[in-house]
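A quick write-up on the structure given underneath.
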Amino acid sequence: MKAFWRLYRKDLQALQFTMLLFSVITVAWDVFLFTRVGKWQEGLPFGLSFIPLAFLPLWVVWDAIQSYRSEWNSGSIYLMLSLPTSGWKLALSKLAAVWTSFTLLSLLSLSGAWFIAMRETGLAHEIMNVLQQVPRGFLLSWAFRLGLAYWLSGLATALVVQAAYVTSRLVSRGQFFVLLGAFWASAYGLLRLGGLGHYLFGWVPDLEFTALEVGPEHVRVAETFLVVDSGILLGWALGLGLLYILTARLLQQVVEV
Amino acid sequence: MKEKQLVLLGLALVILVSFLDSFAGVMSGYEEAVQIRDEAGNLVRVGEDGSLPLQAVQKGELTGSLAAGQVLKVSLPMGEIDLSGVKEGEEGEEGEQGEQGVGAADAAQLQYEVRVYGRNKEVAQEYAGRVKVSLRPLSGTPGASGVAGTAGEAGGGLELVVDEPPRPAELKVKVVVRGTLPAAARVDLENGYGLVRVTDLSGPSTVRNGYGPTELGRLAGDWSVEADYSALLVDGIAGDLEMRGDYSEANISHVGGDLTIRSDYKDIRVADVRGDLDVKGDYGSLQFEDVAGSVTLDVGYKDVRGDGIGGDVRASSSYGDLRLAGLRRNVEIEAEFAKVDLGFAAPPDHRFHLRSRYGSIADDLSVTEERSAGSFEKLREGVAGRGQYRVSVETDYGDIHVWEAAARNR
Chain G
1047 MKAFWRLYRK
1057 DLQALQFTML
1067 LFSVITVAWD
1077 VFLFTRVGKW
1087 QEGLPFGLSF
1097 IPLAFLPLWV
1107 VWDAIQSYRS
1117 EWNSGSIYLM
1127 LSLPTSGWKL
1137 ALSKLAAVWT
1147 SFTLLSLLSL
1157 SGAWFIAMRE
1167 TGLAHEIMNV
1177 LQQVPRGFLL
1187 SWAFRLGLAY
1197 WLSGLATALV
1207 VQAAYVTSRL
1217 VSRGQFFVLL
1227 GAFWASAYGL
1237 LRLGGLGHYL
1247 FGWVPDLEFT
1257 ALEVGPEHVR
1267 VAETFLVVDS
1277 GILLGWALGL
1287 GLLYILTARL
1297 LQQVVEV
Chain Z
258 MKEKQLVLLG
268 LALVILVSFL
278 DSFAGVMSGY
288 EEAVQIRDEA
298 GNLVRVGEDG
308 SLPLQAVQKG
318 ELTGSLAAGQ
328 VLKVSLPMGE
338 IDLSGVKEGE
348 EGEEGEQGEQ
358 GVGAADAAQL
368 QYEVRVYGRN
378 KEVAQEYAGR
388 VKVSLRPLSG
398 TPGASGVAGT
408 AGEAGGGLEL
418 VVDEPPRPAE
428 LKVKVVVRGT
438 LPAAARVDLE
448 NGYGLVRVTD
458 LSGPSTVRNG
468 YGPTELGRLA
478 GDWSVEADYS
488 ALLVDGIAGD
498 LEMRGDYSEA
508 NISHVGGDLT
518 IRSDYKDIRV
528 ADVRGDLDVK
538 GDYGSLQFED
548 VAGSVTLDVG
558 YKDVRGDGIG
568 GDVRASSSYG
578 DLRLAGLRRN
588 VEIEAEFAKV
598 DLGFAAPPDH
608 RFHLRSRYGS
618 IADDLSVTEE
628 RSAGSFEKLR
638 EGVAGRGQYR
648 VSVETDYGDI
658 HVWEAAARNR
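Chains as they are written, first to last, in the numbering used here: chain G, 1047 to 1303; chain Z, 258 to 667.
This is the structure in structure tokens:
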């Protein structure tokens, strides 16, 4: 595991520049929006403060590609592949580094949005009004679930993109097209495995979420449940697991430099 | 075959299959990806429009008496309100037999429907049977019996009350109220979601609609309308009209008094206002014609086109362009980035002061001359006719254009 942590630290350091760049842009954007509170339409600065969060998945795609591309560009790939380190550690360290970066930048973006929301006193008052009508437990569980879904989506994006990039490195020409093809094939594979998971894992209890009704009268927690097919989610998890294994295998046995 | 070639071949195969598969139910397994179920685990079936099916309806009729000037108050979280006024002597339903003191002239006759939507018919029907709809005197109305005072007595009125027992979460309820009132009656209507239509009634009255079309026509007195997310249609108000609402398109015509609009985000069209027009709002557009009185505009991002203004104009705008024609009297405009285009009814009788810091000034009237101003500033001043009225236009980056408007056929 020591080797893994060393690799993880190294990969995280390699992402320092992009993390810093995104952080600076996000903070500058949030500071600008902070100064617009009271001058622009109420709610507009708060709404625009979510732009970094919306942009982050694209940033993850870039980071995921860069995490491998920088190795090839700098020539350190030779050393990396010649090390007596298993492919799964190499793949996991890069995946973990990108995911860590995604997590930290998401937290930064959310913090900015929070500060702006608190500055917009009228909007904050309206939001609190709505939130006060919702039971705290319900609020916390939904916030946790939505946050978890967003967080895991970052992981999935990084995994798919890294697998596609490593696959593209199997050829010396037309790497971009192989990258696109691998990305397409991964997305298709996940889609199909999700559908298969519905049948294979039908015995697994589905995920239930209490629904929230927001109507003209008031906000209330309804006695109906949003039920999400857990088989599909397990199918996707299986597909992502297979992609990870493929990436590790390719790094260990197949990719030539 | 080397492992590398195997991987690439596999990749090519998957891509090929994906293209072929697109014709063969690629979404198989996702039919029940997300479902809505009740506590018992039963599937909640929704209609194609996403709404719950109608399962039960309770209908009824209510009658009451409303003297001239008295108010009918209706407040619904979700429903439809469709009320019209009936003048004395007009054809209408006769007063009901046995109701003392209630003549046809005072009669308020309402028909209501309580529509219950849900997935379980028995639950919906049982619930519909327990909803009570009644007309009660408004507090301050003379008489405890529910019969309003004699005709001519102002103040007080009736309130339509919907008594609902605690509602199961899976049910939705919509109340539809239709009927006729004495034409001299007033209303205080509030609807959270749905249609509101009012014709041939009196003011001062208030209509509030949270979401849905709002239609007003042939109304006497003053009216106040609050409508968000609504399409507002007004055709004929004898007195003043005050309109507030965001995200609402509005089409307002034939206002006998003053028209005040506070609205953002949607397009507004106004025609024929006998009094003053006062508009404040951002985004969307404003078009108006034939305003006999003065026009006051505070429109940050709203584009404005107006024609036929009988009184003074005072306007301020940030980015919304202003194009006003048929101007006759005083004009005072401040704009930042907006273009200002002013057409004056012939013959102009104005003193002009046109200043733009970074924009251009075009004078088709040929009555102004350039004056010295700061760097990058342009200033033109001049007098047309006797200079009885004053025109002052100041912009930062917007262009200014003044011209003579042809007479309109009214």
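Heads up, the beta-carbon is just placed ideally off N, CA and C, and yes, glycines get one too.
In angstroms with no decimal places, state the Cα-to-Cα distance between residue i and residue j.
| i | j | result |
| --- | --- | --- |
| residue 419 (chain Z) | residue 486 (chain Z) | 25 angstroms |
| residue 1019 (chain G) | residue 1227 (chain G) | This structure cannot speak to residue 1019 (chain G), because chain G is shown only from 1047 to 1303. |
| residue 1284 (chain G) | residue 1160 (chain G) | 35 angstroms |
| residue 1088 (chain G) | residue 1168 (chain G) | 8 angstroms |
| residue 1049 (chain G) | residue 376 (chain Z) | 59 angstroms |
| residue 569 (chain Z) | residue 548 (chain Z) | 10 angstroms |
| residue 339 (chain Z) | residue 381 (chain Z) | 25 angstroms |
| residue 1103 (chain G) | residue 1200 (chain G) | 6 angstroms |
| residue 1129 (chain G) | residue 1181 (chain G) | 54 angstroms |
| residue 1192 (chain G) | residue 1149 (chain G) | 14 angstroms |
| residue 307 (chain Z) | residue 1059 (chain G) | Confidence is the limiting factor: at residue 307 (chain Z) the pLDDT is only 49, short of 50, which leaves the residue's position unreliable, though a coordinate-based value still follows. Distance between the alpha carbons of residue 307 (chain Z) and residue 1059 (chain G): 50 angstroms. |
| residue 1206 (chain G) | residue 1190 (chain G) | 24 angstroms |
| residue 1131 (chain G) | residue 1124 (chain G) | 13 angstroms |
| residue 395 (chain Z) | residue 491 (chain Z) | 28 angstroms |
| residue 1082 (chain G) | residue 1090 (chain G) | 9 angstroms |
| residue 1313 (chain G) | residue 1117 (chain G) | With chain G covering 1047 to 1303 only, the question about residue 1313 (chain G) has no answer from this structure. |
| residue 250 (chain Z) | residue 318 (chain Z) | Nothing about residue 250 (chain Z) can be read from this structure; chain Z reaches only from 258 to 667. |
| residue 448 (chain Z) | residue 1174 (chain G) | 24 angstroms |
| residue 1221 (chain G) | residue 1237 (chain G) | 24 angstroms |
| residue 1254 (chain G) | residue 292 (chain Z) | 10 angstroms |
| residue 1099 (chain G) | residue 641 (chain Z) | 59 angstroms |
| residue 364 (chain Z) | residue 1273 (chain G) | 52 angstroms |
| residue 1145 (chain G) | residue 1203 (chain G) | 10 angstroms |
| residue 1076 (chain G) | residue 1064 (chain G) | 18 angstroms |
| residue 507 (chain Z) | residue 626 (chain Z) | 41 angstroms |
| residue 596 (chain Z) | residue 500 (chain Z) | 27 angstroms |
| residue 1162 (chain G) | residue 325 (chain Z) | 52 angstroms |
| residue 1224 (chain G) | residue 263 (chain Z) | 14 angstroms |
| residue 593 (chain Z) | residue 498 (chain Z) | 30 angstroms |
| residue 294 (chain Z) | residue 433 (chain Z) | 29 angstroms |
My understanding is that residue i touches residue j, with C-beta atoms under 8 angstroms, so please give their C-beta distance in whole angstroms.
| i | j | result |
| --- | --- | --- |
| residue 1136 (chain G) | residue 1053 (chain G) | 7 angstroms |
| residue 533 (chain Z) | residue 515 (chain Z) | 5 angstroms |
| residue 613 (chain Z) | residue 656 (chain Z) | 7 angstroms |
| residue 1111 (chain G) | residue 1211 (chain G) | 5 angstroms |
| residue 477 (chain Z) | residue 459 (chain Z) | 4 angstroms |
| residue 287 (chain Z) | residue 1281 (chain G) | Not quite, the Cβ-Cβ distance comes to about 10 angstroms (not below 8 angstroms), so this is no contact. |
| residue 510 (chain Z) | residue 488 (chain Z) | About 15 angstroms; that fails the 8 angstroms criterion. |
| residue 577 (chain Z) | residue 600 (chain Z) | Wrong, their Cβ atoms sit about 18 angstroms apart, outside the cutoff. |
| residue 540 (chain Z) | residue 521 (chain Z) | 5 angstroms |
| residue 588 (chain Z) | residue 648 (chain Z) | 5 angstroms |
| residue 429 (chain Z) | residue 309 (chain Z) | 6 angstroms |
| residue 374 (chain Z) | residue 312 (chain Z) | 7 angstroms |
| residue 566 (chain Z) | residue 585 (chain Z) | 7 angstroms |
Residues bridged to residue i by DSSP?
| i | result |
| --- | --- |
| residue 1091 (chain G) | Beta-bridge pairing links residue 1091 (chain G) to no other residue. |
| residue 500 (chain Z) | Z:482, Z:518 |
| residue 608 (chain Z) | Z:640, Z:647 |
| residue 1219 (chain G) | According to DSSP, residue 1219 (chain G) bridges with nothing at all. |
| residue 660 (chain Z) | Z:600 |
| residue 506 (chain Z) | Z:488 |
Taking Cβ-Cβ distances shorter than 8 angstroms, what residues in chain C pair up with residue i?
| i | result |
| --- | --- |
| residue 1273 (chain G) | Here the protein chains are G and Z, and chain C is not one of them. |
Mind listing which residues of the segment 1206 to 1236 of chain G have their C-beta closer than 8 angstroms to chain Z's C-betas, in chain order?
-> 1213, 1216, 1217, 1224, 1227, 1228, 1230, 1231, 1234, 1235
Short-range partners of chain G found in the segment 651 to 666 of chain Z, where Cβ spacing is below 7 angstroms = none
Just by C-beta distance, which residues in the segment 1077 to 1103 of chain G are closer than 9 angstroms to chain Z?
-> For the segment 1077 to 1103 of chain G, which is checked against every Cβ of chain Z, the residues closer than 9 angstroms are 1087.
Could you please tell me which residues of the segment 1245 to 1259 of chain G, in chain order, have their CB closer than 9 angstroms to any CB of chain Z?
-> 1245, 1252, 1254, 1257, 1259
Which residues, in chain order, does the segment 1278 to 1297 of chain G contribute to contact with chain Z at a C-beta distance below 9 angstroms?
-> 1278, 1281, 1292, 1295, 1296
Residues within the segment 1180 to 1206 of chain G neighbouring chain Z, beta-carbon criterion of under 8 angstroms = none
May I ask you to list, following chain order, the residues of the segment 468 to 501 of chain Z that have a beta carbon less than 9 angstroms from some beta carbon of chain G?
-> Within the segment 468 to 501 of chain Z, the residues whose Cβ lies closer than 9 angstroms to some Cβ of chain G are 468, listed in chain order.
Given a limit of 8 angstroms on CB to CB distance, which residues of the segment 552 to 575 of chain Z reach chain G?
-> none
Interface residues of the segment 1148 to 1176 of chain G facing chain Z [CB-CB below 9 angstroms] = none
Whole beta strand (DSSP E) elements within the segment 559 to 634 of chain Z, 3-residue minimum = 560 to 566, 570 to 574, 579 to 584, 588 to 592, 597 to 602, 607 to 613, 618 to 620, 625 to 628
For the segment 1271 to 1295 of chain G, which segments carrying the alpha helix (DSSP H) assignment without a break, of at least 4 residues, lie completely within its bounds, in sequence order?
-> 1276 to 1295
Return the chain-ordered ranges of every beta strand (DSSP E) run that is complete within the segment 412 to 489 of chain Z and spans a minimum of 3 residues.
-> 414 to 420, 429 to 439, 443 to 448, 453 to 456, 462 to 466, 471 to 476, 480 to 484
Within the segment 1078 to 1139 of chain G, ranges of the alpha helix (DSSP H) (whole runs, at least 4 residues) = 1090 to 1094, 1097 to 1120, 1122 to 1128
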